[in-house]
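Everything below concerns the one structure shown next.
There are 2 protein chains.
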Amino acid sequence: MILDSETKAVELPEDHGDELRLWLRLLTCTTLIEGEVRGRLRERFDVTLPRFDLMAQLDKVPEGMTLSDVSKRMMVSNGNVTGLVERLVESGHLDRRTSDTDRRVQVIRLTKAGRAEFRRMAAEHQTWIADIFSDLSPKDVRELMRLLAKTKGSAQKSAQKRAR
Amino acid sequence: MILDSETKAVELPEDHGDELRLWLRLLTCTTLIEGEVRGRLRERFDVTLPRFDLMAQLDKVPEGMTLSDVSKRMMVSNGNVTGLVERLVESGHLDRRTSDTDRRVQVIRLTKAGRAEFRRMAAEHQTWIADIFSDLSPKDVRELMRLLAKTKGSAQKSAQKRAR
DNA sequence: GCCAATTGCTTGAAGCCTAAAGAAATGCAA
DNA sequence: TTGCATTTCTTTAGGCTTCAAGCAATTGGC
């Protein structure tokens, strides 16, 4: 911050190029890996990434979740979840019922077949990920985890500021 | 690697949980930031992220690029670019002409208005990114850059292995 | 020159995704 | 109780995205 001739605060255009380059690199990495995973899921299991992700959320919670829960966890819109769930119920992977205590709420769970199918996919998926990251040492992995956690915190803070 | 009683190589199920957690964190970070940027672009400039990205590619190359170039750089499909370009030409941001030397090729460039509009958006965009990453020290940024470069290399190697 | 393979782009079908508006159910306060 | 705000989900319109198939132009081998 500097002051001009009439003692008014003036912002100098700062250099934010490094952050921008970092963001682009982060995006490139993610896009690259996401594309790779998407392609393999399609090839091996004929399943889309969003469906896999949704099933992954449900696998963690056997008693099921509401659509809103899924929406928050996957960081996608409500309407999006509605459609995804529709198709997964249709294909027999998901079970859906209205809550007993609140008739607005839909609780979804993996069916037995859906769970079996997901487990089969997840096991292989994990080896793909390991292969994709195989050049990184355990120390690299730890360090990346730490820095990404810090990044996430920073981004959330920034998002919160805007939301007000 | 261990050997079984008949001296055959046997793979033990290894633990790949750390890599998986790393991937999920990477994805979360990117999704979070991407959503934030998308929202701000829409609010402030009523533009979508893909359009902004496409214009960013073109801003770097005043003489223009072919659709294939754009497709490779943005890491999206050809058909996707066709549609994006169509809408941006329609809105007057892009200029499109058939190559003189190869009539299959379409060369696209920013129009004068398109360039001005992009520069206006890009300046503000850069400050958003700086704010989003503001908790990271310069050292953090350097370290993240390094580790993501390594990650990208590793992912590319893995992708190449599969593509054969 | 001719033909086959390749390259650059478009099209079509299907699915993903968002924002915004709306319907239904709930909760809360007067 | 009534009325209003809120929550949960769905719907709609529009755009993004992929894959696969197809068309047109070019290139390279003969």
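Protein chains in written order, with the working numbering: chain A, 1 to 164; chain B, 165 to 328.
All C-beta atoms in this analysis are idealised placements derived from N, C-alpha and C, irrespective of residue type, glycine included.
Notebook entry, point to check: In its own chain, which residues sit with a C-beta less than 6 Å from the C-beta of Asp-95/A, not counting the 5 before and 5 after it?
Noted result: Along the first sequence, one-based indexing puts residue 95/A at 95. Answer for Asp-95/A: Arg-109, Thr-111, listed in chain order.
Margin query: I want to verify the contact list: residues of chain A whose CB lies under 8 Å from the CB of Thr-212/B, in sequence order.
Written below: Position 48 of the second sequence, counted from the first residue, corresponds to residue 212/B. None at all; the shortest Cβ gap to chain A is about 15 Å.
Check: Using 9 Å as the limit for Cβ to Cβ distance, is Ser-232/B near chain A?
Finding: In the second sequence, counting from the first residue as 1, residue 232/B sits at position 68. So no, Ser-232/B is outside the interface.
Check: Residues in its own chain within less than 7 Å of Ala-123/A by CB, not counting five upstream and five downstream?
Finding: Residue numbering aside, residue 123/A sits at position 123 when the first sequence is read from its first letter. No residues qualify anywhere along the chain.
Checklist line | Host alpha helix (DSSP H) of Leu-248/B (start-end) | finding: Here residue 248/B refers to the residue found at position 84 of the second sequence. Segment 242 to 254, the alpha helix (DSSP H) holding Leu-248/B.
Margin query: Taking CB distances under 9 Å as the criterion, tell me whether Ser-158/A reaches chain B.
Written below: The sequence position of residue 158/A within the first sequence is 158, counting from 1. It does: the Cβ of Ser-158/A has a partner Cβ on chain B nearer than 9 Å.
Item checked: Cβ of Gly-317/B within 9 Å of any chain A Cβ -> On the second sequence, residue 317/B is found 153 positions in, with the first residue counted as 1. Taking Cβ atoms only, chain A reaches closer than 9 Å to Gly-317/B, which makes this a yes.
Item checked: Enclosing alpha helix (DSSP H) for Thr-194/B [first to last residue] -> Translated into the one-based positions of the second sequence, residue 194/B becomes position 30. Annotation: the continuous alpha helix (DSSP H) that includes Thr-194/B extends over 181 to 209.
Notebook entry, point to check: Would Gly-114/A be called buried (16 or more neighbouring beta carbons within 10 Å of its own) or exposed?
Noted result: Sequence index remark: in the first sequence, residue 114/A carries index 114 (1-based). Buried, since its Cβ has 16 or more Cβ neighbours within 10 Å.
Notebook entry, point to check: Got a sec: which bits of the region 284 to 296 of chain B sit with their beta carbon under 7 Å from any beta carbon on chain A, in order along the chain?
Noted result: Flagged, chain order: Gln-290, Thr-291, Ile-293, Ala-294, Asp-295, Ile-296.
Notebook entry, point to check: alpha helix (DSSP H) containing Asp-131/A: first to last residue?
Noted result: For the purposes of this step, residue 131/A is taken as the residue at position 131 of the first sequence. Here the alpha helix (DSSP H) through Asp-131/A covers 112 to 132.
Notebook entry, point to check: How is the alpha helix (DSSP H) around Arg-310/B delimited, first residue to last?
Noted result: The residue you call residue 310/B lines up with position 146 of the second sequence. Run containing Arg-310/B: 302 to 327, per the alpha helix (DSSP H) assignment.
Next item on the list: Check Arg-73/A in the structure and name its three-state DSSP category.
Entry: Taking the first sequence and counting its residues from 1, the one referred to as residue 73/A is at position 73. Note: Arg-73/A maps to helix in three-state DSSP.
Item checked: Rounded separation between Leu-136/A and Asp-295/B - CA only -> Position 136 of the first sequence, counting from 1, holds the residue named residue 136/A. Position 131 of the second sequence, counting from 1, holds the residue named residue 295/B. Distance between the alpha carbons of Leu-136/A and Asp-295/B is about 29 Å.
Next item on the list: Can you tell me which of the three DSSP states Asp-217/B falls into?
Entry: Indexing the second sequence from 1 puts residue 217/B at position 53. Looking at Asp-217/B - three-state DSSP - the assignment turns out to be helix.
Item checked: Spatially closest choice to Val-107/A from Phe-118/A, Thr-127/A, Val-81/A, by CA coordinates -> Against the first sequence, residue 107/A aligns to sequence position 107. Of the listed residues, the one whose Cα sits closest to Val-107/A is Val-81/A.
Check: Which residues in the same chain as Asp-223/B place their Cβ atom closer than 8 Å to its Cβ, once the five residues preceding and following it in sequence are excluded?
Finding: Taking the second sequence and counting its residues from 1, the one referred to as residue 223/B is at position 59. Taken in chain order, the residues that qualify are Leu-274, Arg-279, Phe-282, Arg-283, Ala-286.
Check: Quick one: is the Cβ of Ser-91/A within less than 8 Å of any heavy atom of the ligand COA?
Finding: What this structure holds is no ligand at all, so the ligand COA is not there to describe.
Check: For Asp-102/A, which of helix, strand or coil comes out of DSSP?
Finding: The count along the first sequence starts at 1 and reaches residue 102/A at position 102. Coil at Asp-102/A, not helix or strand.
Next item on the list: Return yes when the Cβ of Ser-134/A is within less than 9 Å of the Cβ of Ser-232/B, no when it is not.
Entry: Here residue 232/B is taken as the residue at index 68 of the second sequence, counted from 1. Here residue 134/A is taken as the residue at index 134 of the first sequence, counted from 1. At a Cβ-Cβ threshold of 9 Å, Ser-232/B and Ser-134/A do not count as neighbours.
Next item on the list: Would you kindly work out how many angstroms separate the C-alpha atoms of Val-305/B and Arg-21/A, rounded to a whole number?
Entry: Taking the first residue of the second sequence as position 1, residue 305/B is located at position 141. Taking the first residue of the first sequence as position 1, residue 21/A is located at position 21. Across the structure, Val-305/B and Arg-21/A are spaced so that their CA atoms are roughly 10 Å apart.
Notebook entry, point to check: When DSSP labels each residue in this structure, what does Asp-299/B get in the three-state scheme?
Noted result: Within the second sequence, residue 299/B is the residue found at index 135, counting from 1. Asp-299/B sits in coil when the DSSP states are folded into three classes, being neither helix nor strand.
Margin query: Could you pull the DSSP bridge partners for Thr-230/B from this structure?
Written below: The count along the second sequence starts at 1 and reaches residue 230/B at position 66. According to DSSP, which records beta bridges pairwise, Thr-230/B is partnered with Val-271/B.
Next item on the list: Would you grab the beta carbon distance between Arg-73/A and Gln-57/A for me? Rounded to a whole angstrom, and I think it's under 8 Å.
Entry: Translated into the one-based positions of the first sequence, residue 73/A becomes position 73. Translated into the one-based positions of the first sequence, residue 57/A becomes position 57. About 5 Å separates the two Cβ atoms, so the contact holds.
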